[in-house]
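Colleague: Please see the structure below; I have some questions.
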Amino acid sequence: MSRGTPTPVASPPSGRGPAPRPGDPEITPELVAEHGLTPEEYQRIVDALRRAPTFTELGVFSAMWSEHCGYKNSRPLLRLLPTHAPWVIQGPGENAGVIDVGDGWAIAFKIESHNHPSAVEPYQGAATGVGGILRDIFTMGARPIATLNSLRFGDLDDARVRYLFAGVVKGIGDYGNCVGIPCLGGEVHFDRAYRDNPLVNAMAIGLLRTEELIKGEAKGVGNALMAVGARTGRDGIHGATFASEELSEETEASRPQVQVGDPFTEKLLLEASLELIASGAITGIQDMGAAGLTSSASEMAGRAGNGVEIDVARVPVREPGMTPYEILLSESQERMLVVAERGREDEVRRILGKWELEAAVIGRVTDDGMFRVREEGTVVAEIPAVPLTGGCPTYEREGTESDEVRRLRARDLSEFAAAADGDLSSRLLALLDSPNLASKRWVYQQYDTTVRANSMVSPGGDAGVVRIPGTHRGVAATTDGNGRYCYLHPRRGAAIAVAEAARNLACVGAVPTAVTNNLNFGSPLKPAVYHQLSEAVLGMAEACRAFEIPVTGGNVSLYNETDGVAIYPTPVIGMVGVVEDLERVCRHAFQHTGDRILLLGTNGAELGGSEYLYRFHDLVGGEPPQLDLQAERRLQQALLAMNQAGILRSAHDCAEGGLACALVEAAVGDGASPVGMDVTLADAIPPVPLLFGESQGRVVVSCPAERVAEVRALAERHGIPCTELGAVGERGGRFRIRAGTSGVDVLVRDLVVAFFGAIPGLMDAPAQVTST
Amino acid sequence: MSGRLVVVTFPGSNCDQDCYHAVELAGGEPSYLWHREHGLAGADAVILPGGFSYGDYLRAGAIARFSHAMEDVIAFARRGGPVLAICNGFQIACEAGLLPGTLIRNRTLRFHAFDQHLRVENNETLWTSSYERGQILRMPVAHGEGNYEADRETLDGLEGEGRVLFRYVDAAGRVTEEGNPNGSANAIAGIVNQEGNVMGLMPHPDRAMEAALGSVDGRGIFESLVRHLSAVGAR
Amino acid sequence: MKRYQLEIRVVPRAGLLDPQGKAIHHALHALGYAAVEGVRVGKAIALELEASSEDAARALAEEMCRKLLANPVTEDFQIAVMGEAAPTGRRA
Amino acid sequence: MKRYQLEIRVVPRAGLLDPQGKAIHHALHALGYAAVEGVRVGKAIALELEASSEDAARALAEEMCRKLLANPVTEDFQIAVMGEAAPTGRRA
Ligand SMILES: Nc1ncnc2c1ncn2[C@@H]1O[C@H](COP(=O)(O)OP(=O)(O)O)[C@@H](O)[C@H]1O
Ligand SMILES: [Mg+2]
Chain A
1 MSRGTPTPVA SPPSGRGPAP RPGDPEITPE LVAEHGLTPE EYQRIVDALR
51 RAPTFTELGV FSAMWSEHCG YKNSRPLLRL LPTHAPWVIQ GPGENAGVID
101 VGDGWAIAFK IESHNHPSAV EPYQGAATGV GGILRDIFTM GARPIATLNS
151 LRFGDLDDAR VRYLFAGVVK GIGDYGNCVG IPCLGGEVHF DRAYRDNPLV
201 NAMAIGLLRT EELIKGEAKG VGNALMAVGA RTGRDGIHGA TFASEELSEE
251 TEASRPQVQV GDPFTEKLLL EASLELIASG AITGIQDMGA AGLTSSASEM
301 AGRAGNGVEI DVARVPVREP GMTPYEILLS ESQERMLVVA ERGREDEVRR
351 ILGKWELEAA VIGRVTDDGM FRVREEGTVV AEIPAVPLTG GCPTYEREGT
401 ESDEVRRLRA RDLSEFAAAA DGDLSSRLLA LLDSPNLASK RWVYQQYDTT
451 VRANSMVSPG GDAGVVRIPG THRGVAATTD GNGRYCYLHP RRGAAIAVAE
501 AARNLACVGA VPTAVTNNLN FGSPLKPAVY HQLSEAVLGM AEACRAFEIP
551 VTGGNVSLYN ETDGVAIYPT PVIGMVGVVE DLERVCRHAF QHTGDRILLL
601 GTNGAELGGS EYLYRFHDLV GGEPPQLDLQ AERRLQQALL AMNQAGILRS
651 AHDCAEGGLA CALVEAAVGD GASPVGMDVT LADAIPPVPL LFGESQGRVV
701 VSCPAERVAE VRALAERHGI PCTELGAVGE RGGRFRIRAG TSGVDVLVRD
751 LVVAFFGAIP GLMDAPAQVT ST
Chain B
1001 MSGRLVVVTF PGSNCDQDCY HAVELAGGEP SYLWHREHGL AGADAVILPG
1051 GFSYGDYLRA GAIARFSHAM EDVIAFARRG GPVLAICNGF QIACEAGLLP
1101 GTLIRNRTLR FHAFDQHLRV ENNETLWTSS YERGQILRMP VAHGEGNYEA
1151 DRETLDGLEG EGRVLFRYVD AAGRVTEEGN PNGSANAIAG IVNQEGNVMG
1201 LMPHPDRAME AALGSVDGRG IFESLVRHLS AVGAR
Chain C
2001 MKRYQLEIRV VPRAGLLDPQ GKAIHHALHA LGYAAVEGVR VGKAIALELE
2051 ASSEDAARAL AEEMCRKLLA NPVTEDFQIA VMGEAAPTGR RA
Chain D
3001 MKRYQLEIRV VPRAGLLDPQ GKAIHHALHA LGYAAVEGVR VGKAIALELE
3051 ASSEDAARAL AEEMCRKLLA NPVTEDFQIA VMGEAAPTGR RA
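Chains as they are written, first to last, in our numbering: chain A, 1 to 772; chain B, 1001 to 1235; chain C, 2001 to 2092; chain D, 3001 to 3092.
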């Protein structure tokens, strides 16, 4: 992209700007580069200001025009996503998306990444990630009712990885537990591709009455800007830019960028904010998140088409001697910016005071469209809000697929398919011992999943379900994504993530309703990575269109690289669904001995991208599973119809680990009362791909014998193949799969030990203790 | 008339609504008391709910005990008023000296949240009258500092006087290592004070009130209390 | 009145269970520090306060420990006055 | 080899928010200790170890802090050797 070097900027082209502040460094090409701005971008700033920026202004621009705030490389792509539907109340662009869920209720939901902070300090990085996403929710006027999270780490045989994994999980748990929001679900995957660059994506869902919606707008000229909540310290200065840089040995040493979370203050801020919004004393509210005061103030002004004037000297600070640059860019947590109706500032103070929090008037809404910052008398920054928030240059780049990926995808897998070497039972047990397929109970038992006493389905099944008090309705949610599929075929991989999420929701009896997404990728400056990014967005768009599910928001995390090596392209789908009748909620575990077990969908001979290949052949290769979007749609509808008819006793999606692992999960349930099973597979497919291949569009259901005909009929009506596989066995009985001449035959207890024991076995060694 | 049960809300309480709802389900009359306020006049019983009062900073419950509301609660308890202290409430009650012993970090140093089995050790109290002795209950635990510790004499006293009301057990109802979620001495999950009017327990009966949520085993505690209050013809 | 800098240690009573100390003890052994024993983990609280004299400062701190900082049932405390504090007290 | 008794303080880096210190600071003010400032809370770790000399003991402890006891990203540590330990090392 970059041509030429910036003209040395001694004298501003025109106009008098703020005088340089004593002690501020001089603006040099090096300083500009350190702020992550290209010479062209710098020139744009000069053009927008019609003069050279001051140091403070440069910091403000560099934060707002960072990848994180400015979506430089992704905005043109994101325009491809479908965002409209009759039930969408608030699409992309606000703190969170909002959809109508009936009976006058709406939910606000969003997913957010904290990958880089978590790589540097797993506990605080993950904790503050949860804090940020919760604030995005309650600043919409919604009370958080659930969190989810999507995590990626390296392989657990690595001590550093175990440290990151333990720290992240504890950080997420300690923060969410203290605020008192139940965790409904999530996912964790382990692959060496994430060794030094873990992914930590946190999602939150909030409930509000449709009329309670409030936005992050600085409305009403003359209204007061108030900083509420925690004081401003030197935390994470330039975190927003930091989050858009690739990790290097250097950032490993960048200590001051760590932000410390205070979930107690967050809880007070949550209650105070909802009380504030209910009081009507404020017209707008926004989290001081990435790029802190700068982004919240300028974005609120931009949205309302107004200006703002702030006096940094009036911002409550934690440490003496902070510069305007530091105050404007600090990312101290648990802070909000609210716009109070002129004359009602004391009411705001009173409400915050009740919750033992501070509120200080730091400025006013103006009509001149300027983002103006004073330090007492003197102006230190004066920037037109529109170019600052909307003027960030965007780039459409050339993507090309890497030859290596093409080669890997073309890899012939027949040798592995054939190698059914004798004992499939021990293969299955060894596979369940893989952290990717083993139960994630070690993780979600550190999260409070039942606080608020509304959790109908807690983690462990296909999707979590939380009820809407006083109604028969519920909200279901899941997060899904498979970086290996996306690496081998970004477009299909992303579409599969959408399909799996929708399948997970349909399994519990929820109508898939809306999507938030997190795009975790490497550096878009690399054609191979840009190809992954653009293809993944296209795949997500195709699937969402096919299912008529709008995307109401999301987050982009680029430059997930270590020493030049990118992570797998990892789009994570957070999907919410509506349960019309809580009585009908369906779980994944077999319920009754003698129930019939049926498969909806078709088995394939697809080993590509499977955990089986990674585990036993150390290979990520082959064609990832094929995906038929129309068949997926019909499958979802068939499941919902069966759910309506109340004929299913269980339903469980086939995902990583294939049909065999889906059957195991249904048989072991939560481990308390595992049941045996006897199943026969007649397909003319070699046992290995038949049992462990990860073909899409398959769901294992169980029903009473007398209901089989109805299940078949409904499947047929929706054009979904339906095969009776066998029957649910005795409590603690044998788990049998007959596949041609070979098969699996083990005691279900042995499956329980492998499935629930794998991760604890790796994590509970004494040397794990971290200092948090 | 039914009992007027006051749920005290501290900064950081997050089970106050759950307790309020549980009281309604048990046929009591719930109301809230904000920690800064006085006002237990007319209260028949008090509930100290779960959560993270003051973030559990310093020690769980250490800071909350100094609130105005707690001054009243302590006086109320000394007058013999029933106080139900759940989870963080239990920790506060210990810090306030309403109950003996203390709750330290779980043996694993990890927060634990799952369904836990309990055994009713004594059903001849106002808190447990609607259970059978030896009955096995299942209800959620969700805590990082639920490891009950006290010196020998205290433990012997509790055991000798039948003041251990609930014990952690495995699914089969036996006291085992695996059945003890946090390492509590004698697998203690819930106790009462000498006079029997203050009960503390770590598990969450307030989350085990509805079949739809997986268990109704917590109802007994709230129902026993409400029954007791109407029996003594609530003041 | 002078400002004093104090360092307070609040530690679990000897004999009382100390899960953190135990875990760290295990971890250190696992890391090969075989000769480490008697690991106890408590809190290190640093604060500044105003008092007329060092003794007064210590007395004040002792009162705070009794009232709030230490649990009388399970914890012991030690107070060290580190001398006078720098004029500007950092906010907590 | 001799046994040494060490006291290690692990404290949050200056400049980093210390939520616990903040909460205790508020609580002490609420209890009427108005003159208390700059409350910071860390860990106080006591342990015994074997070493050839006091300096060797200190060096060993430093290594442990780097490896395990302190979080290099958020915490600093100080080590005090309290002299030789009583013959029988208390078990953790
Ligand atoms: N990080 C996590 N936090 C909470 N729950 C999790 C997490 N990881 C996995 N789970 C839960 O474990 C179960 C299995 O996860 P997963 O294998 O991804 O299910 P599926 O393949 O059906 O999407 C799900 O119920 C999920 O919610
Ligand atoms: Mg999944």
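All residues carry an ideal CB built from backbone N, CA and C; glycine is no exception. Quick caveat: nothing in here was measured; it's all calculated off a predicted structure.
1. Output the boundary residues of the beta strand (DSSP E) element that contains Glu-1029(B).
2. Where does Tyr-447(A) sit, in a helix, a strand or coil, going by DSSP?
3. What are the residues in the region 2013–2026 of chain C lying within 7 Å of chain B by C-beta distance?
4. Alpha carbon to alpha carbon, how far is Asp-174(A) from Ala-127(A)? Give it in angstroms, no decimals.
5. If you reduce the DSSP assignment to three classes, tell me which class Ser-150(A) lands in.
6. Mind checking whether Arg-349(A) and Ala-359(A) have CB atoms under 8 Å apart?
7. From Ala-240(A) to Ala-63(A), what distance separates their C-alpha atoms?
8. Leaving out five residues on either side along the sequence, give the residues of the same chain with a beta carbon under 7 Å from the beta carbon of Ile-685(A).
9. Who are the near neighbours of Glu-249(A) in its chain, counting only those whose CB is closer than 7 Å to its CB and skipping five residues on each side?
10. Under DSSP, the alpha helix (DSSP H) around Thr-1154(B) begins and ends at which residues?
11. Near Ala-3070(D), which residues of its chain fall below 6 Å by C-beta distance, leaving aside the five closest residues on each side in sequence?
12. Which whole-angstrom value describes the C-beta separation of Ile-737(A) and Ala-660(A), a residue pair presumed to lie in contact below a C-beta threshold of 8 Å?
13. Where does Tyr-487(A) sit, in a helix, a strand or coil, going by DSSP?
14. Name the DSSP beta bridge partners of Asp-287(A), please?
15. Apart from the five residues on each side of it in sequence, which residues of its chain come closer than 7 Å, Cβ to Cβ, to Ala-2057(C)?
16. Would Glu-1132(B) be called buried (16 or more neighbouring beta carbons within 10 Å of its own) or exposed?
17. Going by beta carbon distance, what residues of the same chain come within less than 8 Å of Gly-307(A), once the five residues before and after it are set aside?
18. Taking all protein chains shown into account, do 16 or more other C-beta atoms lie within 10 angstroms of the C-beta of Gln-124(A), making it buried, or fewer, making it exposed?
19. So, does the region 558–575 of chain A touch the region 193–210 of chain A, judging by three or more C-beta pairs under 8 Å?
20. To the nearest angstrom, report how far apart Phe-616(A) and Pro-122(A) are at their CA atoms.
21. Between Glu-1161(B) and Asn-1122(B), what straight-line distance do the alpha-carbon atoms span, to the nearest angstrom?
22. Where in the region 662–746 of chain A do unbroken runs of the beta strand (DSSP E), each at least 3 residues long, occur, reported from the N-terminal end onward?
23. So for Thr-772(A), helix, strand or coil by DSSP?
24. Looking at C-alpha atoms only, which residue of Gly-761(A), His-189(A), Glu-211(A) is the closest neighbour of Asn-201(A)?
25. Using a Cβ cut-off of 8 Å, which residues of the region 3039–3067 of chain D contact any Cβ in chain B, in chain order?
26. Where His-588(A) and Ala-709(A) are concerned, what is the direct C-alpha to C-alpha distance, given to the nearest angstrom?
27. Would you kindly work out how many angstroms separate the C-alpha atoms of Ile-1063(B) and Ser-1053(B), rounded to a whole number?
28. Please tell me whether Thr-283(A) and Lys-219(A) are closer than 8 Å, where the distance is taken between their beta carbons.
29. Pull up the distance between the alpha-carbon of Leu-247(A) and that of Met-336(A), whole angstroms please.
30. If the cut is a Cβ gap below 7 Å, which residues of chain B does Val-2073(C) touch?
31. Could you check whether the region 111–121 of chain A touches the region 74–91 of chain A, counting it as contact only if at least three pairs of C-beta atoms, one from each stretch, sit closer than 8 Å?
32. Alpha carbon to alpha carbon, how far is Leu-1005(B) from Glu-1024(B)? Give it in angstroms, no decimals.
33. Do Pro-524(A) and Leu-538(A) have their beta-carbon atoms positioned less than 8 Å apart in this structure?
34. Could you please give me the residues that DSSP links to Pro-512(A) through a beta bridge?
35. How would you write the range of the alpha helix (DSSP H) that Met-203(A) sits in, first residue to last?
36. Take the Cβ of Pro-687(A) as the centre, count every other Cβ of all protein chains shown within 10 Å, and call the residue buried at 16 or more, exposed below.
Modeller: Reading it off the structure:
1. 1029–1034
2. coil
3. Leu-2016, Leu-2017, Pro-2019, Gln-2020, Ala-2023
4. 7 Å
5. strand
6. yes
7. Residue confidence is low: Ala-240(A) scores 41 on pLDDT, short of 50, so the model does not pin down where it sits. Its coordinate-derived value is still stated next. Answer to the nearest angstrom: the Cα atoms are 6 Å apart.
8. Asn-603, Ala-605
9. Since pLDDT at Glu-249(A) reaches only 47, below the 50 mark, its modelled position is unreliable, and no value is offered.
10. 1152–1160
11. Val-3010, Phe-3077
12. 6 Å
13. helix
14. Met-336(A)
15. Tyr-2004, Leu-2006, Leu-2049, Ala-2051, Val-2081
16. exposed
17. Ala-301, Val-365, Thr-366, Asp-367, Asp-368, Gly-369, Met-370, Phe-371, Arg-372, Ala-385
18. buried
19. yes
20. 30 Å
21. 10 Å
22. 675–681, 699–703, 722–731, 734–739
23. Per-residue confidence for Thr-772(A) stands at a pLDDT of 38, beneath the threshold of 50, marking its modelled position as unreliable; the derived number appears in the next sentence. DSSP places Thr-772(A) in coil when its eight states are reduced to three.
24. His-189(A)
25. Val-3041
26. 21 Å
27. 8 Å
28. yes
29. Here Leu-247(A) scores only 49 on pLDDT, less than 50, and its place in the model is too uncertain to base an answer on.
30. Thr-1102
31. no
32. 10 Å
33. no
34. Gly-577(A)
35. From DSSP, Met-203(A) is part of no alpha helix (DSSP H) but of the beta strand (DSSP E) over 199–209.
36. buried
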